[in-house]
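What follows is a set of notes on a single structure, which appears directly below.
Here is the structure:
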(Lines of atoms letter the chains of each structure in order from A and count residues from 1; the text may use other names and numbers.)
(Lines give C-alpha, C1' and ligand atoms only; values in the text may rest on other atoms or scores of the structure.)
Protein backbone atom coordinates (compact mmCIF):
# COMPACT_ATOMS: atom_id res chain seq x y z
CA UNK A 1 0.00 0.00 0.00
CA UNK A 2 1.40 3.38 -1.03
CA UNK A 3 1.33 5.84 1.87
CA UNK A 4 1.51 9.62 1.51
CA UNK A 5 1.70 11.58 4.75
CA UNK A 6 -0.87 14.03 3.36
CA UNK A 7 -3.22 12.07 1.11
CA UNK A 8 -3.60 9.21 3.60
CA UNK A 9 -5.25 11.66 6.03
CA UNK A 10 -6.88 14.25 3.77
CA UNK A 11 -8.27 11.64 1.38
CA UNK A 12 -10.20 9.60 3.95
CA UNK A 13 -8.01 6.47 4.06
CA UNK A 14 -7.11 6.95 7.72
CA UNK A 15 -10.76 7.42 8.70
CA UNK A 16 -11.63 4.23 6.81
CA UNK A 17 -9.27 2.25 9.07
CA UNK A 18 -9.91 4.26 12.26
CA UNK A 19 -13.56 5.30 12.46
CA UNK A 20 -13.31 7.13 15.80
CA UNK A 21 -9.85 8.57 15.09
CA UNK A 22 -8.43 6.88 18.23
CA UNK A 23 -10.54 8.95 20.61
CA UNK A 24 -10.52 6.04 23.07
CA UNK A 25 -6.84 6.78 23.82
CA UNK A 26 -7.32 10.49 24.57
CA UNK A 27 -7.95 10.18 28.30
CA UNK A 28 -4.79 8.27 29.24
CA UNK A 29 -2.62 10.34 26.91
CA UNK A 30 -3.90 13.55 28.50
CA UNK A 31 -3.28 12.03 31.95
CA UNK A 32 0.40 11.40 31.13
CA UNK A 33 0.78 14.91 29.68
CA UNK A 34 -0.78 16.38 32.83
CA UNK A 35 1.54 14.27 35.01
CA UNK A 36 4.67 15.50 33.18
CA UNK A 37 3.60 19.14 33.36
CA UNK A 38 2.69 19.05 37.06
CA UNK A 39 5.83 17.13 37.99
CA UNK A 40 7.96 19.82 36.34
CA UNK A 41 5.88 22.81 37.53
CA UNK A 42 4.94 23.88 34.01
CA UNK A 43 1.55 25.62 33.74
CA UNK A 44 1.18 26.80 30.12
CA UNK A 45 -1.05 29.80 29.42
CA UNK A 46 -1.92 28.35 26.03
CA UNK A 47 -1.51 24.99 24.31
CA UNK A 48 -1.39 24.14 20.61
CA UNK A 49 -1.87 20.53 19.49
CA UNK A 50 -0.38 19.92 16.03
CA UNK A 51 -1.95 16.94 14.30
CA UNK A 52 -4.72 16.95 16.90
CA UNK A 53 -6.90 14.42 15.07
CA UNK A 54 -10.42 14.39 16.49
CA UNK A 55 -9.35 16.64 19.36
CA UNK A 56 -9.78 14.23 22.25
CA UNK A 57 -6.48 15.02 23.98
CA UNK A 58 -7.18 18.77 24.06
CA UNK A 59 -10.71 18.17 25.32
CA UNK A 60 -9.33 16.05 28.17
CA UNK A 61 -6.57 18.55 29.00
CA UNK A 62 -9.15 21.34 29.21
CA UNK A 63 -10.61 19.49 32.22
CA UNK A 64 -7.26 19.49 34.08
CA UNK A 65 -5.99 21.99 36.66
CA UNK A 66 -3.35 23.61 34.46
CA UNK A 67 -4.66 27.18 34.42
CA UNK A 68 -4.47 27.16 30.62
CA UNK A 69 -6.55 29.87 28.93
CA UNK A 70 -6.72 28.61 25.34
CA UNK A 71 -6.43 25.22 23.65
CA UNK A 72 -6.05 25.17 19.87
CA UNK A 73 -5.87 22.06 17.73
CA UNK A 74 -4.59 21.97 14.15
CA UNK A 75 -4.96 19.12 11.67
CA UNK A 76 -4.76 18.87 7.89
CA UNK A 77 -7.43 16.14 7.82
CA UNK A 78 -10.92 17.60 7.29
CA UNK A 79 -12.56 14.40 8.59
CA UNK A 80 -10.73 14.73 11.91
CA UNK A 81 -11.53 18.41 12.36
CA UNK A 82 -15.19 17.77 11.51
CA UNK A 83 -15.35 15.35 14.45
CA UNK A 84 -13.36 17.69 16.71
CA UNK A 85 -15.50 20.75 15.99
CA UNK A 86 -18.58 18.95 17.29
CA UNK A 87 -16.92 19.02 20.72
CA UNK A 88 -14.97 22.28 20.60
CA UNK A 89 -16.47 24.80 23.02
CA UNK A 90 -15.38 27.80 25.07
CA UNK A 91 -11.59 27.96 25.21
CA UNK A 92 -11.07 24.89 22.96
CA UNK A 93 -11.01 25.47 19.19
CA UNK A 94 -9.96 23.45 16.15
CA UNK A 95 -8.55 24.59 12.81
CA UNK A 96 -8.28 22.58 9.58
CA UNK A 97 -4.86 23.81 8.52
CA UNK A 98 -1.10 23.28 8.77
CA UNK A 99 0.25 25.07 11.87
CA UNK A 100 3.75 25.26 10.37
CA UNK A 101 2.52 27.83 7.82
CA UNK A 102 3.50 31.44 8.41
CA UNK A 103 0.99 33.59 10.25
CA UNK A 104 0.03 31.45 13.22
CA UNK A 105 1.23 32.74 16.62
CA UNK A 106 3.70 31.08 18.95
CA UNK A 107 2.48 29.16 21.98
CA UNK A 108 3.67 28.23 25.48
CA UNK A 109 3.30 24.48 24.97
CA UNK A 110 3.18 22.63 21.67
CA UNK A 111 1.93 19.05 21.46
CA UNK A 112 2.59 16.56 18.66
CA UNK A 113 0.94 13.35 19.83
CA UNK A 114 1.58 10.36 17.55
CA UNK A 115 2.46 12.64 14.64
CA UNK A 116 6.21 12.46 13.91
CA UNK A 117 6.15 8.86 12.66
CA UNK A 118 3.69 9.92 9.93
CA UNK A 119 5.66 12.85 8.46
CA UNK A 120 7.77 12.37 5.32
CA UNK A 121 10.39 14.97 6.28
CA UNK A 122 10.08 14.84 10.05
CA UNK A 123 13.42 16.64 10.56
CA UNK A 124 12.17 19.64 8.59
CA UNK A 125 8.81 19.47 10.36
CA UNK A 126 10.41 19.50 13.82
CA UNK A 127 12.74 22.37 12.93
CA UNK A 128 9.69 24.46 12.02
CA UNK A 129 7.96 23.54 15.27
CA UNK A 130 11.01 24.32 17.39
CA UNK A 131 10.74 28.04 16.66
CA UNK A 132 7.07 28.15 17.67
CA UNK A 133 7.05 27.31 21.38
CA UNK A 134 8.88 27.37 24.70
CA UNK A 135 7.96 23.82 25.69
CA UNK A 136 7.01 20.72 23.73
CA UNK A 137 5.49 17.33 24.41
CA UNK A 138 5.79 14.60 21.78
CA UNK A 139 4.31 11.10 21.95
CA UNK A 140 6.35 8.76 19.77
CA UNK A 141 5.84 5.00 19.31
CA UNK A 142 8.88 2.75 19.77
CA UNK A 143 8.01 0.35 16.96
CA UNK A 144 11.52 -1.05 16.51
CA UNK A 145 12.17 -4.02 18.78
CA UNK A 146 13.38 -7.62 18.52
CA UNK A 147 9.82 -8.85 17.98
CA UNK A 148 9.03 -6.48 15.10
CA UNK A 149 12.39 -7.07 13.41
CA UNK A 150 11.85 -10.83 13.50
CA UNK A 151 8.24 -10.42 12.33
CA UNK A 152 8.32 -7.43 9.92
CA UNK A 153 4.67 -7.90 8.98
CA UNK A 154 3.94 -6.17 12.31
CA UNK A 155 5.53 -2.99 10.92
CA UNK A 156 3.62 -3.42 7.66
CA UNK A 157 0.37 -3.59 9.63
CA UNK A 158 1.28 -0.32 11.37
CA UNK A 159 2.05 1.22 7.99
CA UNK A 160 -1.19 0.18 6.33
CA UNK A 161 -3.59 0.70 9.23
CA UNK A 162 -2.35 3.91 10.82
CA UNK A 163 0.20 5.29 8.35
CA UNK A 164 3.49 4.86 10.20
CA UNK A 165 6.27 5.48 7.67
CA UNK A 166 9.13 5.83 10.19
CA UNK A 167 10.03 3.38 12.95
CA UNK A 168 12.08 4.22 16.02
CA UNK A 169 13.79 2.86 19.10
CA UNK A 170 14.23 4.98 22.22
CA UNK A 171 17.83 5.74 21.27
CA UNK A 172 16.89 6.86 17.77
CA UNK A 173 14.28 9.23 19.19
CA UNK A 174 16.81 10.82 21.54
CA UNK A 175 19.36 11.10 18.72
CA UNK A 176 17.12 12.97 16.28
CA UNK A 177 15.75 15.26 19.00
CA UNK A 178 19.33 16.17 19.97
CA UNK A 179 20.21 16.72 16.28
CA UNK A 180 17.48 19.36 16.03
CA UNK A 181 18.44 21.05 19.29
CA UNK A 182 15.73 19.93 21.71
CA UNK A 183 16.58 19.35 25.36
CA UNK A 184 14.78 16.52 27.15
CA UNK A 185 13.30 17.60 30.48
CA UNK A 186 11.37 14.46 31.41
CA UNK A 187 9.57 11.49 29.88
CA UNK A 188 7.20 8.63 30.61
CA UNK A 189 6.67 5.35 28.81
CA UNK A 190 3.14 4.49 27.74
CA UNK A 191 1.93 0.91 27.40
CA UNK A 192 -0.01 -0.67 24.52
CA UNK A 193 -3.60 -1.92 24.71
CA UNK A 194 -2.33 -5.48 25.15
CA UNK A 195 -0.81 -4.54 28.51
CA UNK A 196 -3.80 -2.51 29.71
CA UNK A 197 -7.03 -4.11 28.50
CA UNK A 198 -8.35 -7.54 29.59
CA UNK A 199 -6.94 -10.38 27.49
CA UNK A 200 -9.46 -11.76 25.00
CA UNK A 201 -7.87 -15.24 24.80
CA UNK A 202 -5.72 -17.49 26.98
CA UNK A 203 -2.81 -17.02 24.56
CA UNK A 204 -3.03 -13.24 24.93
CA UNK A 205 -3.35 -13.62 28.71
CA UNK A 206 -0.06 -15.57 28.84
CA UNK A 207 1.62 -13.02 26.58
CA UNK A 208 0.31 -10.18 28.74
CA UNK A 209 1.70 -11.77 31.91
CA UNK A 210 5.11 -12.36 30.33
CA UNK A 211 5.25 -8.73 29.23
CA UNK A 212 4.16 -7.55 32.67
CA UNK A 213 6.85 -9.58 34.47
CA UNK A 214 9.50 -8.55 31.95
CA UNK A 215 8.62 -4.85 32.28
CA UNK A 216 8.73 -5.05 36.08
CA UNK A 217 12.17 -6.70 36.08
CA UNK A 218 13.88 -4.60 33.40
CA UNK A 219 11.85 -1.86 31.76
CA UNK A 220 14.42 -0.90 29.11
CA UNK A 221 15.12 -4.49 28.05
CA UNK A 222 11.42 -5.30 27.92
CA UNK A 223 10.76 -2.38 25.57
CA UNK A 224 13.54 -3.54 23.23
CA UNK A 225 12.35 -7.15 23.36
CA UNK A 226 8.55 -6.95 23.09
CA UNK A 227 7.79 -3.53 21.62
CA UNK A 228 4.41 -1.82 21.54
CA UNK A 229 5.48 0.90 23.97
CA UNK A 230 5.75 4.64 23.29
CA UNK A 231 7.51 7.64 24.82
CA UNK A 232 5.74 10.77 26.03
CA UNK A 233 8.58 13.31 26.10
CA UNK A 234 8.66 16.81 27.62
CA UNK A 235 11.21 19.07 25.92
CA UNK A 236 12.38 22.62 25.59
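Residue numbers (the working numbering): 128 to 363.
We put the CB at the ideal spot given by N, CA and C, even for glycine.
It should be emphasised that the depicted structure is a prediction, and the values quoted were computed from it without experimental measurement.
Range of the contiguous beta strand (DSSP E) that encloses residue 77: Because the chain here runs from 128 to 363, residue 77 falls outside it and cannot be looked at.
Buried versus exposed call for residue 250 [16 or more other C-beta atoms within 10 Å across all chains shown]: Position 123 of the chain shown, counted from the first residue, corresponds to residue 250. Answer is exposed; the Cβ neighbour count stays below 16.
Residue 201 and residue 222 closer than 8 Å at C-beta: For this step, residue 201 is matched to residue 74 along the chain shown. For this step, residue 222 is matched to residue 95 along the chain shown. Contact flag set, yes.
Spatial neighbours of residue 313 in its chain, beta-carbon cut-off 6 Å, leaving aside the 5 residues before and after: Position 186 of the chain shown holds residue 313. Taken in chain order, the residues that qualify are 163, 167, 361.
Contacting residues, own chain, Cβ-Cβ under 7 Å from residue 392 (five flanking each side not counted): An answer regarding residue 392 cannot be provided, because it is not within the stretch 128 to 363 covered by the chain.
C-alpha gap between residue 262 and residue 321, whole angstroms: By 1-based counting over the chain shown, the position of residue 262 is 135. By 1-based counting over the chain shown, the position of residue 321 is 194. Their backbone Cα atoms lie some 31 Å apart in a straight line.
Closer than 7 Å: residue 260 CB and nearest the ligand HEM heavy atom: You won't find the ligand HEM in this model; it holds no ligand whatsoever.
Backbone secondary structure at residue 128 - three-state DSSP: The residue you call residue 128 lines up with position 1 of the chain shown. Reliability fails at residue 128, whose pLDDT of 49 lies under 50, so the model's placement of it is uncertain and the value that follows must be treated cautiously. Three-state result, residue 128: coil.
Residue 317 to residue 359 span [Cα, whole Å]: Counting from 1 along the chain shown, the entry for residue 317 is found at position 190. Counting from 1 along the chain shown, the entry for residue 359 is found at position 232. Roughly 7 Å between the two C-alpha positions.
Range of the contiguous beta strand (DSSP E) that encloses residue 200: The residue labelled residue 200 in the question sits at position 73 within the chain shown. Per DSSP, residue 200 belongs to the beta strand (DSSP E) from 197-201.
Terminal residues of the beta strand (DSSP E) in which residue 332 lies: Indexing the chain shown from 1 puts residue 332 at position 205. Where residue 332 is concerned, there is no enclosing beta strand (DSSP E), although the alpha helix (DSSP H) it sits in stretches over 329-344.
Reduced DSSP category for residue 220 - H, G, I as helix; E, B as strand; rest coil: Your numbering for residue 220 matches position 93 in the chain shown. Correct three-state label for residue 220: strand.
Same chain, Cβ closer than 7 Å to residue 270, neighbours up to 5 away in sequence not counted: Taking the first residue of the chain shown as position 1, residue 270 is located at position 143. Here the set comprises 282, 285, 291, 294, 295, 354.
Per-residue burial, residue 280 [other beta carbons within 10 Å of its own, 16 or more giving buried]: Residue mapping note: residue 280 aligns to position 153 of the chain shown, counting from 1. Label assigned to residue 280: exposed.
8 Å Cβ shell around residue 346 - same chain, five flanking residues per side excluded: Within the chain shown, the letter at position 219 stands for residue 346. So the list reads 316, once near-sequence residues are dropped.
Three-state secondary structure assigned by DSSP to residue 295: Position 168 of the chain shown holds residue 295. Residue 295: coil per DSSP, three-state reduction.
Coil, strand or helix - residue 256 by DSSP: Taking the first residue of the chain shown as 1, we reach residue 256 at position 129. Helix at residue 256.
Residue interval of the alpha helix (DSSP H) (run including residue 185): Here residue 185 is taken as the residue at index 58 of the chain shown, counted from 1. Taken as a continuous stretch (DSSP letters only), the alpha helix (DSSP H) holding residue 185 covers 183-188.
Beta-carbon spacing of residue 154, residue 267 below 8 Å: In the chain shown, counting from the first residue as 1, residue 154 sits at position 27. In the chain shown, counting from the first residue as 1, residue 267 sits at position 140. Cβ atoms of residue 154 and residue 267: not closer than 8 Å.
Classification of residue 277 by the beta-carbon crowding that lies within 10 angstroms, buried from 16 upward: Position 150 of the chain shown, counted from the start, is the residue given in the question as residue 277. Label assigned to residue 277: exposed.
Bridge-paired residues (DSSP) for residue 268: Your numbering for residue 268 matches position 141 in the chain shown. Paired residue(s): 357.
Proximal residues to residue 306 (C-beta, below 8 Å), its chain only, five neighbours per side dropped: As a working mapping, residue 306 is identified with position 179 in the chain shown. Hits under 8 Å: 250.
First through last residue of the alpha helix (DSSP H) which encompasses residue 239: Along the chain shown, one-based indexing puts residue 239 at 112. That residue, residue 239, is in no alpha helix (DSSP H); its beta strand (DSSP E) goes 234-240.
Through-space distance from residue 242 to residue 128, alpha-carbon basis: Locating residue 128 in the chain shown gives position 1, counting from the first residue. Locating residue 242 in the chain shown gives position 115, counting from the first residue. Confidence is the limiting factor: at residue 128 the pLDDT is only 49, short of 50, which leaves the residue's position unreliable and the question unanswerable from this model.
Beta carbon of residue 237 nearer than 8 Å to that of residue 256: Here residue 237 refers to the residue found at position 110 when the chain shown is read from its first residue. Here residue 256 refers to the residue found at position 129 when the chain shown is read from its first residue. Yes, the pair counts as a contact, with Cβ atoms nearer than the cut-off.
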